[in-house]
Amino acid sequence: MNNAVKKYMRIQGREIAYRTGKPVGIFILNWRKIRDGIYTKADAELYESTYKWFLKNLPEPPFYGDNNDNPQGAITYFKTASFEPMREKAEILMGLLDKYKVPYDIVYTDYVGKVIYEDEYQVAVIDE
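Note that numbering that gives the first Met the number 0 has the sequence shown beginning at 0, numbered continuously upward.
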């Protein structure tokens, strides 16, 4: 099977998010390791600078809000057709996970659930 033909891709951990009941995404997976004091200061700073790049270059879905409340429990998938501008920065985040031997999966699919938000680079979905 050729993953390149799938429409969507999600980089996710094997830990479950309490708000969504789904595996946490790559940002929260990294953030939890910083919160738990696992990353060195330099690696925490690398995450922060990479995360800030995403904040500038990847639209933030409106349901996150000021408190990251996400009341519908949505999760996001990258669109594979427009992922290339994000690849280098995503690889930095995956590299941090690899360095600390944090397991994660890259899921490719055409079937994501009910889309509640969409922009050029991603969709946010809930169960149908």
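C-beta atoms are modelled at their ideal positions from N, C-alpha and C, and glycine is treated no differently.
Neighbourhood of residue i by C-beta, 8 Å cutoff - its chain only, sequence neighbours within 5 removed
i: Val124; result: Ala73, Ile74, Thr75, Tyr76, Val111, Gly112, Lys113, Val114, Ile115
i: Pro61; result: Tyr116
i: Pro58; result: Asp118, Glu119, Tyr120, Gln121
N- and C-terminal bounds of the alpha helix (DSSP H) containing residue i
i: Tyr116; result: Run containing Tyr116: none in the alpha helix (DSSP H); it sits in the beta strand (DSSP E), 113 to 117.
i: Ala84; result: Here residue 84 turns out to be Pro, not Ala, going by the sequence shown. From DSSP, the alpha helix (DSSP H) with Pro84 extends over 83 to 98.
i: Phe26; result: 25 to 34
i: Asp42; result: 40 to 56
Limits of the beta strand (DSSP E) - the one that residue i falls within
i: Ile125; result: 121 to 125
i: Asp104; result: 103 to 108
CA-to-CA distance, residue j to residue i, given in whole angstroms
i: Thr49; j: Lys78; result: 19 Å
i: Gln121; j: Tyr99; result: 27 Å
i: Asp68; j: Arg31; result: 17 Å
i: Glu44; j: Pro70; result: 30 Å
i: Ala80; j: Tyr107; result: 12 Å
Presumed contact (8 Å Cβ cut-off) between residue i and residue j, rounded CB distance
i: Ile105; j: Met8; result: 6 Å
i: Lys5; j: Asp118; result: Wrong, their Cβ atoms sit about 19 Å apart, outside the cutoff.
i: Tyr46; j: Leu95; result: 6 Å
i: Ala16; j: Ile27; result: 6 Å
i: Lys21; j: Phe53; result: Contact doesn't hold; Cβ gap of about 19 Å is too wide.
Residue-chain proximity (residue i, chain C), Cβ-Cβ < 8 Å
i: Lys40; result: As a matter of chain content, chain C is missing from the structure shown, which is built from one protein chain.
Sequence-distant residues of the same chain with beta carbon closer than 6 Å to residue i, five excluded per side
i: Gly24; result: Gln11
i: Thr19; result: Gly72, Ile74
i: Gly102; result: Per the sequence shown, the amino acid found at residue 102 is Pro instead of Gly. Once the five neighbours on either side are set aside, the close Cβ partners of Pro102 are Arg13.
i: Asp126; result: Gly112
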